[in-house]
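My numbering runs 181 ahead of the 1-based position in the sequence shown.
Reviewing the structure listed below.
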Amino acid sequence: MRFLKFGLPLLFSVIFHSQAHAYYTVQDVGVIGLMSHDVFSWDHKKEINVENGRLDLSTIFEFENGKRWYLAGNPKNSENAAVYSVAMKLVNHYTNLMKQGHSPLEARKQTVIVFHEMIREFYERALQEKFPETAVRELPNNLEQAAIRGFHDLLPGRIKLYNRGFRSELKLTSMLTAKTVLNERELLQELKPFDGDYDPEYKNIKIPFTKVVLNLKEIDRKFIERFSPYKQADMLAQLSRVGNGEMTVHELTFAAPVRLLFRKAMCGENNKFMPQEMACE
Numbered sequence: 182m183r184f185l186k187f188g189l190p191l192l193f194s195v196i197f198h199s200q201a202h203a204y205y206t207v208q209d210v211g212v213i214g215l216m217s218h219d220v221f222s223w224d225h226k227k228e229i230n231v232e233n234g235r236l237d238l239s240t241i242f243e244f245e246n247g248k249r250w251y252l253a254g255n256p257k258n259s260e261n262a263a264v265y266s267v268a269m270k271l272v273n274h275y276t277n278l279m280k281q282g283h284s285p286l287e288a289r290k291q292t293v294i295v296f297h298e299m300i301r302e303f304y305e306r307a308l309q310e311k312f313p314e315t316a317v318r319e320l321p322n323n324l325e326q327a328a329i330r331g332f333h334d335l336l337p338g339r340i341k342l343y344n345r346g347f348r349s350e351l352k353l354t355s356m357l358t359a360k361t362v363l364n365e366r367e368l369l370q371e372l373k374p375f376d377g378d379y380d381p382e383y384k385n386i387k388i389p390f391t392k393v394v395l396n397l398k399e400i401d402r403k404f405i406e407r408f409s410p411y412k413q414a415d416m417l418a419q420l421s422r423v424g425n426g427e428m429t430v431h432e433l434t435f436a437a438p439v440r441l442l443f444r445k446a447m448c449g450e451n452n453k454f455m456p457q458e459m460a461c462e
């Protein structure tokens, strides 16, 4: 399994927890954040998705005609240290394959496989069920984007740093430190359970050198309640119950669209960068 190249601690962590309980790590934030960017790129003015809806790492390798891949591609991938760290792992993997003599096409295909393995590992651990065996040809839609936005409750406002001298904490919403490449110990730290609210940092995101302040909770609420039948307050209340052990992730009313999103995003039909083994329905 190729993801082992990213470190045995991840394997040991997965084995240790696999039979105990669903848990989430900082790396999960990076993996699912990058997955979301690879599937959705929202044009706010036109209100359309301008990504291709497939997990082929186009968010890294095709943004601005591929001119920024070595910088993690789409600047969105550099606005959060967890996402940036995962993106740069994949960029470094691609670079090493190129140095070994692989063509850009083959290097990207192999890097996409590594990304898929990271997604599968997250899915099976977090949902405690096998990854879907078949994909779906239909493209992801706004309902599924709304459903996955509902899980932003999990985003940590701050994480611990290790072996960095006097720095012991990182604010993940700070764009001034967003390009911090997290080490393995930092990536594998567990997140607190769902609590039914966004961390305060996400309600007060300051854009450097401007007076702009963003509230991700409010941004998500408007999107969710415009493009889906869900109410953000109800979604967060359900997640709070999950965090308290009163219900499972499977029982969430918005779980089905998230599962469908994974199946749609994994359809590699007519996509030269994705594996073809998974049948599309």
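Backbone N, C-alpha and C fix where the C-beta goes; we use that ideal spot for every residue, glycine too.
> How should Leu236 be labelled, buried or exposed, when 16 other C-beta atoms within 10 angstroms of its C-beta is the threshold for buried?
Replying inline: buried
> Do Glu305 and Phe312 have their C-beta atoms closer together than 8 Å?
Replying inline: Between Glu305 and Phe312, the gap from beta carbon to beta carbon is short of 8 Å.
>> Taking 8 Å as the threshold (C-beta atoms), are Ala436 and Val220 in contact?
In response: no
> Hey, quick one: how far does the beta strand (DSSP E) through Glu243 stretch, first residue to last?
Replying inline: Per DSSP, Glu243 belongs to no beta strand (DSSP E) and is neither H nor E.
> Does DSSP put Val317 in a helix, in a strand, or in coil?
Replying inline: coil
> Roughly how many whole angstroms lie between the Cα atoms of Asn258 and Thr292?
Replying inline: 16 Å
> Count the other CB atoms within 10 Å of the CB of Glu302; is the residue buried (16 or more) or exposed (fewer)?
Replying inline: buried
>> Considering only their Cβ atoms, is the gap separating Cys448 from Ala328 smaller than 8 Å?
In response: Not closer than 8 Å, so no.
> When the Cβ atoms of the region 412-429 are set against those of the region 234-251, are three or more pairs found closer than 8 Å?
Replying inline: The region 412-429 is not in contact with the region 234-251.
> Which of helix, strand or coil does DSSP assign to Asn230?
Replying inline: strand
> For Ala201, does the count of other Cβ atoms within 10 angstroms reach 16, so buried, or fall short, so exposed?
Replying inline: Confidence at Ala201 is low in this model, with a pLDDT of 45, below 50, so its placement is unreliable and the value that follows should be read with caution. That one is exposed.
> Mind checking Glu399: buried by the 16 CB within 10 Å criterion, or exposed?
Replying inline: exposed
>> Looking at the secondary structure, which residues open and close the alpha helix (DSSP H) in which Lys384 lies?
In response: Run containing Lys384: none; DSSP gives neither H nor E here.
>> Let me confirm a value: Met455 is counted as buried when at least 16 other C-beta atoms fall within 10 Å, else exposed. Which label applies?
In response: buried
>> Rounded to whole angstroms, what is the Cα-Cα separation between Arg348 and Leu342?
In response: Their Cα atoms are separated by approximately 7 Å.
>> Quick check: Leu335 and Val264, are their CB atoms within less than 8 Å of each other?
In response: no
>> For the alpha helix (DSSP H) containing Lys398, name the first residue and the last one.
In response: Leu397 to Phe408
> When you compare only the Cα positions, how much space is there between Lys294 and Lys226?
Replying inline: The question names Lys, but residue 294 in the sequence shown is Ile. Going by the C-alpha atoms only, they are around 34 Å apart.
> Helix or strand or just coil, what does DSSP make of Arg235?
Replying inline: coil
> By DSSP, does Leu351 sit in helix, in strand, or in coil?
Replying inline: strand
> Does DSSP classify Val210 as helix, strand or coil?
Replying inline: helix
>> For a minimum of 4 consecutive residues, which ranges assigned as the alpha helix (DSSP H) are wholly contained in the region 333-378?
In response: 365-368
>> Please identify the residue among Gln457, Glu232, Glu260 and Asn246 whose C-alpha is closest to the C-alpha of Thr358.
In response: Among Gln457, Glu232, Glu260 and Asn246, the Cα nearest to that of Thr358 is on Glu260.
> Quick one, are the C-beta atoms of Val267 and Gly211 less than 8 Å apart?
Replying inline: yes
> To the nearest angstrom, how far is it from the Cα of Leu278 to the Cα of Gly377?
Replying inline: Distance between the alpha carbons of Leu278 and Gly377: 42 Å.
>> Applying the 10 Å Cβ sphere with the 16-neighbour rule, what's the burial state of Arg345?
In response: So Arg345 ends up on the exposed side.
> Is it the case that the Cβ atoms of Lys387 and Leu397 are separated by a distance below 8 Å?
Replying inline: No. Outside cutoff.
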